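Its first residue numbered 482, the sequence shown is counted upward by one per residue in our numbering.
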Amino acid sequence: MTGRLPARGLWFLRARWRVVVRLGLWSVLETGQSFLIGYAPARALDDGFLAGRTATGLAWLGVAGLGVVVGAYGTARVYAAVAALVEPLRDRLVRRVVERGVREADRGALSGLTQQVEIARDTFAGLVMVSRSFVFTAVGALAGLFSLAPLLLLVVLPPLAAGIGLFAATLRPLARRQEVFLAADEALADRLGAVCPGLRDITATGAQERTAADVGRLVDAEQRAARSLARFGVVRVAALALGGQLPIVLLLATAPWLLKHGVTTGALVGALSYVTQSLLPALHNLLHGLGTSGSRLTVVLRRLAPEGGRGAGRDPSDESGAAESPAPTVARPPALTLSSVTFAYGPSAVPVIEDLDLTLPAGSHLAVVGPSGIGKSTLTALVAGLLEPRCGTVRVAGEPVRGAGALAQRVLIPQEAYVFTGTLAENLAQLRPDPVPEAELLAAAEAVGFLPLLEALGGPEGRVDPAALSAGERQLIALTRAHLSHAPLALLDEATCHLDPRAEERAERAFAARPGGTLVVVAHRITSARRADRVLMMDGRDTAYGTHDELVRCSARYRELVGAWTPVPHERSDPSLALRDPDGVDAVAGPGLAGDGRHVVAHGPVGQVQTPRDLGDGRPFRGEG
């Protein structure tokens, strides 16, 4: 692509040769202005003021002023010609971006259309202006120097040519380093864009150090690219000093010698005017424009018109041949694959997950169960790419878990749901790059069970106050947001723990019913495991995997866990003695005790005296306090 960009640029200019000619003709007026800016003052001094003819001197200054007016008129016409050259380029890029976005469902098409195309348009216009200005300004100034005294060219032209040559020699490596810097900057911005909205989730999963290390590497990469670019920026400054400022020093240093060899005082002043008022500003603009904007334009054009991309430079015969060939059938990769995964929180810590293998086909519904602290949330953090295994590999839809391809394939809903101040529509569409139609938003809310609360809060445009919502209401918002995302793999890490069993069932069934969707649930109720196609029982090295019925038969640990989940029946035998006291607290602790007022009954040593106001709500015993 690098080699073909100049060829494409020349083809683009040849196709619009009339505009290029018109641009050149209007630029001739600027050449006249550049010529008069030094020639007229020289004549005003030599033929006018120094010769005692004030009127002649004023007349030449008037000619210089007229040249400025004519040059300004030419500059105004130049802008119109540049617009006629730049707008077709913008239209061409817009068509290419739209075609690629429609044909390939390119998610970056919106960014290309709204930002990158405008960068290319503005940068191309700037390059045309500075290049054209330098060429015609230099021609006018050098012609003026020759007309005043050819000897002046011996002083001005060599350092000018040396400065331009030095810059030209470093232009290609400067462009490469500019591209590396832009790529590093975009990579850092992309990573921060993914990290910042999920800071709360990162903290909840304990992934702060890993995330900081990842971002730190990108910061270091951008810093190295910036330093390399800065070193070549020094070369650009040296080229400007050599080509634009050294001629001034040389003119002043050689002034006695020039005057002895027939150069007049007016001609010397005119030469200084040419260098300071024409050549130096034009050279500065050229070096800045080509050194910064030129490389940026190259980067943008490569992304908007990729070499070998679909529809980019393809021969029509190839297009027709491709249409006749049937698309090959590609086997759908598993939604999730873990191969010999081991993870520990620290180099010397005991592994939380050890040598775990798991393959989850697309469209599956998996429940992850196990004792508290056994590593269920750690597993979801590994699948979400928030943690990196000590050894082994994690792949999502066949892609490395920390790669860009896997990022769009998964969505994590943690226990502590993230809700921000704004409208409900803004909260629900947070994971979508494009605006979400209201009908689709309402359908997702209905599927998850959020619709009644959505209507109670004022509909999609209702304002959200996170502090005014309960934990369950925040979870419903997060679940609807994840349901609206395009990610086929949904990870529910205790994401329904604040919902009642009926609401939890509805939300899980909504995710399991998504077309092509895969659901992984960290279960906190036995009903979640019963609904799942498969169950992963985590218990250190004694991990078991199968259906609910299979694990009940084969795993004693799973049977224990199921027994702990099973609620105590309402029928119970009452104590033989009447144990209720005036405070309404049963003396025997147990589930479902009547009138316990949600207090926990403490069983202390025999003879321990219960102090006043030790009930959970702080109220005193009857008859005390």
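Backbone N, C-alpha and C fix where the C-beta goes; we use that ideal spot for every residue, glycine too. None of the values given here were measured: they were computed from a predicted structure.
In the three-state scheme derived from DSSP, where H, G and I count as helix and E and B as strand, M610 is classed as helix. About 30 Å separates the beta carbon of G751 from that of L608, a gap too long to meet the 8 Å contact definition.
Judged by DSSP secondary structure, E869 falls outside any alpha helix (DSSP H); it is assigned neither H nor E. Under the 10 Å beta carbon count, L733 is surrounded by fewer than 16 other beta carbons and is classified as exposed. Cβ-Cβ distances below 6 Å link V929 to L960, T961, H964, A988 and A991 in the same chain, with the five nearest sequence neighbours on each side left out; the list follows chain order. When rounded, the separation of the alpha-carbon atoms in E942 and P852 is 42 Å.
Residue environment for S829: exposed (fewer than 16 other C-beta atoms within 10 angstroms of its C-beta).
In the DSSP assignment, G1027 falls outside any alpha helix (DSSP H) and lies within the beta strand (DSSP E) extending over A1025 to G1027.
Per the DSSP secondary-structure output, R1038 pairs with nothing in a beta bridge. DSSP, read as helix, strand or coil, puts T757 in helix. Per DSSP, the beta bridge partners of V892 are A971. Shown here, H846 sits in a strand according to DSSP, grouped into three states.
Looking at the DSSP output, F824 bridges to I834. Inter-segment contact for the segment 528-539 and the segment 628-648 is absent: fewer than three beta-carbon pairs are separated by less than 8 Å. Around the beta carbon of R1015, 16 or more other beta carbons lie within 10 angstroms, which makes this residue buried.
With a threshold of 16 other beta carbon atoms within 10 Å, K857 meets it and is buried. Boundaries around L957 are those of the alpha helix (DSSP H), A952 to L965, since no beta strand (DSSP E) includes it. With respect to L768, F824 sits apart: the two C-beta atoms are not nearer than 8 Å. Apart from sequence neighbours up to five positions away, the residues of its chain that approach A898 with a beta-carbon distance below 6 Å are R955, Q956 and A959, ordered along the chain. A residue is called buried when at least 16 other Cβ atoms come within 10 angstroms of its Cβ; F901 does not meet this threshold and is exposed.
Residue A525 holds the alpha-carbon nearest to the alpha-carbon of G546 among A952, T1028, A525 and A1004.
Scanning its chain for C-beta atoms nearer than 8 Å, with the 5 sequence neighbours on each side dropped, one finds around V917 the residues A906, L909, A910 and L965, in chain order.
The closest CA to that of D836, considering only V551, L647, M1019 and P881, is found on M1019. Under DSSP, T999 shares a beta bridge with L970. Taking 8 Å as the cut-off, the Cβ atoms of R1011 and P982 do not count as close. Across the set T904, L510, P895 and G866, the C-alpha of G866 shows the shortest separation from the C-alpha of G886. If you ignore the 5 residues before and after L1042, its C-beta comes within less than 7 Å of the C-beta of V850, all in its own chain and listed in chain order. One Cα belongs to G548, the other to R657, and the distance between them is close to 41 Å. Here DSSP, grouped into helix, strand and coil, assigns G625 to helix. A straight-line Cα-Cα distance of about 11 Å links R708 and Q659. In this structure, V1002 and S1009 form a Cβ contact; the two beta carbons are roughly 5 Å apart against a cut-off of 8 Å. Fewer than three beta-carbon pairs drawn from the segment 967-986 and the segment 1022-1029 are found closer than 8 Å, and the two stretches are therefore not classed as touching. Of the candidates V620, F605 and V716, V716 places its Cα closest to the Cα of A650. Scanning its chain for C-beta atoms nearer than 8 Å, with the 5 sequence neighbours on each side dropped, one finds around S951 the residues H979, in chain order. In terms of Cβ geometry, G770 and G644 do not form a close pair [threshold 8 Å].
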